[in-house]
Each structure stands twice: as C-alpha cells, then as structure tokens.
Amino acid sequence: MSEKDSFYKSVFKIAVPVTLQSLLMALLNLTDQLMVGQLGDTAIASVGMSTKIYGIIAVVLAGLSTGVSIFAAQFWGSKDAKSVSQVLGLGLIAGFTFTFLFSAAVFIDSPLFLSMFTTDANVIDKGFIFLQIMSLGFVPVMLTMMYSAILRSTGHAQWPMYVSFITVGVNVVLNYLLIFGNLGAPELGLQGAAIATLIARILECLLIIGAVYRYRLPGAVGLKNLFIIPRPLINKFVITTFPLLLTELVWVLGETAYAIIYSRMGTLEMTAMTITFPLQGLCIGLLSGLASAAGVLVGNRLGANEADTALNHAKRFIRLGIVISLVIGAIIAAGAQLYVSAFNISEEAAQMGTYIVMVFAGFLWVKVSNMIMAGGILVSGGDSKFVFGMEATATWLIGVPSGLLLALVWKQPVYLVYLIICLEEVARFIVGCIRIYSRRWMRNLVSDLAQSQ
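Position one of the sequence shown corresponds to residue 26 (our numbering), numbered consecutively onward.
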C-alpha cells in the first residue's frame with residue numbers, strides 16, 4: 026500500500042466514526058427538543074437555560090480533552106503507551122476536580138445558576154429540578170470525554186461511536202417512557218427528561234470505561250500507572266492546555282456577542298438567522314471528523330519525529346477539507362430556498378434566511394479549513410498560544426466590531442452583516458496557512474518525556 030493510500034485509509038478510520046458520533050449527538054439533541062417541546066414554553070425555556078449552564082462546563086472539558094488528545098497522539102506516535110496512560114490520569118485529575126466542584130455547586134443551588142440567565146420565576150421554579158438532576162451527570166460526561174479523547178488519539182475512534190449508538194437509543198426510549206408515562210412508566214414530564222439523560226450519560230461512561238478494560242485498549246492500566254505523573258509532563262501539559270481553555274472561552278463569548286448583534290437587529294432578522302443554525306451545525310458536524318483526524322495523524326507523525334510527513338499530512342488535510350466543503354457548499358446553495366421553505370415563517374424572513382444560507386454556503390470551505398488548521402493541525406504541535414491569539418484577534422478586532430457597526434450604526438441587512446462577519450474567517454485562513462507553511466508550529470512535545478515500557 027502506498028503512503029498516500031495509507032493516509033486516506035487512516036483518515037477514513039478516524040474521521041468517519043467521529044462524524045457519525047457528531048451526527049448521533051445532533052440527532053439526540055433534536056429528539057430531546059421535540060419531546061420536551063410537547064410540554065410547553067416553560068419546559069422548553071427551562072431546558073434552554075440548563076443547556077447554557079452545561080455549556081460552561083462543556084467549554085472547560087472541551088479544552089481539557091483537546092490537551093489530552095495532543096499529548097496522547099504524540100506519545101502514541103513515539104510508541105510510549107505508558108505516558109499515554111499518564112496523560113489520561115492527568116486529564117482525569119484536572120477534569121474531576123473542576124467538574125465535581127461545579128456539579129456540587131449546581132446541585133446545591135440550582136435556582137441561583139438559573140437566575141444568572143433568566144428572571145422568569147416559572148422557568149426557575151420548574152427548571153431547577155431538571156438542572157439539579159442533570160448536574161449529577163457532569164462527572165460521567167467528563168469521564169466519557171477523557172477516555173474518548175485517548176481512544177481517538179490512538180486510532181480507536183470506533184469505540185466512542187459504538188457506545189453513542191447504544192446510549193442515544195437508550196436515551197430516546199427512556200424519554201418516551203418517562204416524559205409521557207408510556208407503557209406503564211410513571212409520567213414525570215420535565216423531570217423524566219432529566220432522569221433519562223442522566224441514565225444515558227452514566228451508561229455511556231460505564232460502557233466506554235468497560236470497553237477500555239475489557240479489550241485492553243489504551244488507558245487500561247492500574248492506578249499506579251494512571252495517577253503517578255512526572256512533574257515535567259504536568260508542567261508542559263498546563264502550559265499547552267491553558268491557552269486551549271482560553272480559546273474555547275473566546276469562542277463562546279464571540280458567539281454570544283454575535284447572537285446579541287442579530288437579536289438587536291429585530292425579530293425578523295433573528296428569526297432568519299436562527300433557522301440557519303441547524304443547517305450550520307449539521308454541516309460543521311459532518312466535517313468535524315477531518316479536524317479530529319488531522320490532530321491525531323499529524324500529532325502521531327510529530328511524536329515519531331517525522332516532520333516532513335507531518336507537514337505533507339497537514340497540506341493534504343487542508344486540500345481535502347476545501348474540496349469536500351466546496352461540493353457540499355454548492356449543494357447547499359442550490360437548495361437554499363427549499364431548506365428555508367420548510368419553516369413556517371413570513372415571506373420577508375424567508376427571503377433573509379435564503380440569503381444567509383447562501384452566504385454560509387459560500388464561506389463553508391474557509392470555515393472548514395480553519396477548523397482543520399486551528400482545531401487539528403496547529404494544536405497537534407502544541408501551538409496553542411498562537412491559536413488563541415489568532416482566534417481572539419479575528420473575533421474581537423474584526424468580527425464583533427464590524428458586526429456592531431454594520432448592524433447597529435449603519436443599519437445594514439442581516440445577510441450583509443453576516444457576510445462581513447464571515448470575513449474574519451478569511452483573515453484566520455490567511456494567517457493559519459502562513460503559520461503552517463512556516464513550520465514554526467511543528468514541535469515534538471514528548472521527546473524529553475519518554476517513559477520506559
């Protein structure tokens with residue numbers, strides 16, 4: 026098998042399971058929304074506010090799991106399985122400390138957290154029980170994310186996908202039983218939705234960890250090899266991972282700022298933008314596997330001291346992302362009007378929504394390229410400080426100021442505001458390409474951290 030064929034086989038092995046898992050989670054979220062939606066406006070709002078609170082911990086865990094992935098991929102490339110387990114232990118210690126404290130605080134005073142996002146007494150009154158139950162699932166979610174990061178980084182991405190298939194099915198069935206009281210189950214409404222999600226998250230955690238130890242996958246070690254971690258690894262992990270946490274925070278704050286901009290433009294504009302979110306999420310989810318595969322394969326090569334191969338992999342991933350997203354973008358643009366027509370909205374909002382979908386289709390290739398470069402290639406070499414600087418600068422010096430000016434000062438149409446905001450992606454793309462071709466991001470983070478087998 027040629028080197029090129031081996032590359033695409035590896036991409037397929039990692040990207041497809043990650044993509045399928047992303048789609049499964051999107052399907053689960055949609056199903057939850059539809060089922061809870063039958064309970065009325067207050068229930069929907071309660072779930073929405075609880076999701077915002079969960080988003081706080083999700084941001085931290087996303088940054089932490091990315092840090093685990095970076096080191097695990099390089100250690101795996103250098104054939105250092107012992108250090109892979111130590112990276113997992115480091116992620117578990119940091120993740121448990123934060124998650125346990127956060128979930129305890131939410132469980133003890135859920136109304137306080139809900140009041141940070143809403144002043145509606147009904148939402149706080151009905152939502153606090155939902156959020157309290159959900160908080161019990163934060164630690165299992167952390168465990169699932171850390172073990173999944175290890176499995177993906179070592180070429181075992183199919184296992185998290187298998188587990189997701191099972192748990193999504195369990196969650197849907199339990200929702201059907203516990204929300205509405207079908208088949209003799211108690212009718213618990215919003216509380217039933219929370220219990221169903223909690224059970225599914227605990228099951229997912231147990232299945233992932235069970236598979237790791239049952240099949241002796243990476244990370245299947247005793248406590249001694251898991252939690253006795255060399256100080257040099259701790260120091261380098263913190264230095265690399267902290268900027269990733271800041272990057273996730275910048276992204277969340279940026280998305281919040283954009284939401285405020287669109288909402289201040291008017292109800293029609295916000296409606297037009299909102300109906301495009303499911304499509305945008307689906308497209309990014311479809312191609313998220315490429316970023317994961319890039320992080321793993323490029324990181325493996327860097328850990329094996331194969332810098333030239335790592336750079337060739339990086340270039341191939343960028344080209345592959347551009348080609349695939351251009352094809353998908355063309356299909357989306359052609360079907361923009363058909364997609365928008367599926368929503369029961371006014372003609373004016375529908376026209377705005379169609380234009381927004383077409384703008385998204387036109388910029389999809391650059392959005393995907395940036396996801397691959399920043400979220401996969403650059404961080405695989407530990408270039409997290411540069412990624413943070415690039416993301417923060419593009420968002421807060423280009424995207425947010427231009428959006429505010431066009432929307433609130435110059436009163437431009439929402440689709441033009443969105444188009445100009447998307448230009449920040451072009452700036453990211455140019456800077457990211459220059460950085461990749463400079464080779465300054467290519468670092469072996471683990472060469473001085475090798476462990477005897």
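All C-beta atoms, glycine included, are put in the ideal place defined by N, C-alpha and C.
If you check the beta carbons only, do residue i and residue j fall under 8 Å apart?
i: Leu269; j: Gly414; result: no
i: Ile204; j: Val93; result: no
i: Ala335; j: Leu345; result: no
i: Thr91; j: Val404; result: yes
i: Ile343; j: Ile397; result: yes
i: Met60; j: Gly120; result: no
i: Tyr443; j: Ile381; result: yes
i: Thr222; j: Met295; result: no
i: Ala417; j: Val275; result: yes
Is residue i helix, strand or coil when you go by DSSP?
i: Leu315; result: helix
i: Ser31; result: helix
i: Ile254; result: coil
i: Gln478; result: Residue confidence is low: Gln478 scores 42 on pLDDT, short of 50, so the model does not pin down where it sits. Its coordinate-derived value is still stated next. Reduced to three states, the DSSP call for Gln478 is coil.
i: Gln437; result: coil
i: Val246; result: coil
i: Val471; result: coil
i: His181; result: coil
i: Ala119; result: helix
i: Ser371; result: coil
i: Gly306; result: helix
i: Ile259; result: helix
i: Ala329; result: coil
i: Thr301; result: coil
i: Asp57; result: helix
i: Ser366; result: coil
i: Trp482; result: Absent from the model: residue 482. The displayed extent of the chain is 26 to 478, so no value can be given.
i: Arg289; result: helix
i: Leu231; result: helix
i: Pro211; result: coil
i: Gly206; result: coil
i: Leu45; result: helix
i: Leu52; result: helix
i: Trp466; result: coil
i: Gly360; result: coil
Assuming the contact rule is C-beta atoms closer than 8 Å, residue i and residue j should be a hit. Round their C-beta distance to whole Å, please.
i: Ala98; j: Ser178; result: 4 Å
i: Pro243; j: Val109; result: 5 Å
i: Ile445; j: Ser427; result: 5 Å
i: Phe155; j: Phe127; result: Incorrect: roughly 17 Å between the Cβ atoms, too far for contact.
i: Asp105; j: Val471; result: 7 Å
i: Ile300; j: Gly407; result: With a Cβ gap of about 39 Å, Ile300 and Gly407 do not count as contacting.
i: Ala361; j: Ala386; result: 7 Å
i: Leu307; j: Gly354; result: No, Leu307 and Gly354 are not in contact; Cβ-Cβ is about 13 Å, not under 8 Å.
i: Leu53; j: Leu215; result: Between Leu215 and Leu53 the Cβ distance is about 17 Å, and since that is not below 8 Å, they are no contact.
i: Leu113; j: Met171; result: 6 Å
Which residue marks the beginning of the alpha helix (DSSP H) containing residue i, and which one marks its end?
i: Gly400; result: It is not in any alpha helix (DSSP H) - Gly400 carries neither H nor E in the DSSP assignment.
i: Tyr240; result: Segment: none, Tyr240 is in no alpha helix (DSSP H) and carries neither H nor E.
i: Ser140; result: 135-140
i: Glu416; result: 409-418
i: Asp105; result: From DSSP, Asp105 is part of no alpha helix (DSSP H); its letter is neither H nor E.
i: Ile423; result: No alpha helix (DSSP H) contains Ile423, which DSSP labels as neither H nor E.
i: Ala63; result: Correcting the residue identity first, residue 63 is Gln in this sequence and not Ala. Where Gln63 is concerned, there is no enclosing alpha helix (DSSP H), given that its DSSP letter is neither H nor E.
i: Ala432; result: Here Ala432 belongs to no alpha helix (DSSP H), and DSSP marks it neither H nor E.
i: Leu156; result: 146-160
Could you check whether the Cβ of residue i sits closer than 7 Å to any heavy atom belonging to the ligand GTP?
i: Thr334; result: The ligand GTP is not part of the structure shown, which contains no ligands of any sort.
For residue i and chain D, any beta-carbon pair shorter than 8 Å?
i: Phe342; result: Considering every chain present, this structure includes no chain D. It has just one protein chain.
How about the region 440-456 and the region 67-86: do they share at least three Cβ pairs that are nearer than 8 Å? Too few Cβ pairs lie closer than 8 Å, so no.
Report yes or no: do the region 30-50 and the region 308-321 share at least 3 C-beta pairs separated by less than 8 Å? Three or more pairs of CB atoms, one per stretch, sit closer than 8 Å, so the region 30-50 contacts the region 308-321.
Pair every Cβ in the region 432-444 with every Cβ in the region 71-83, then say whether three or more of these pairs are closer than 8 Å. No: fewer than three Cβ pairs fall under 8 Å.
Check whether the region 224-234 touches the region 183-203, counting contact only when three or more Cβ pairs, one atom from each stretch, lie closer than 8 Å. At 8 Å Cβ cutoff, the stretches touch.
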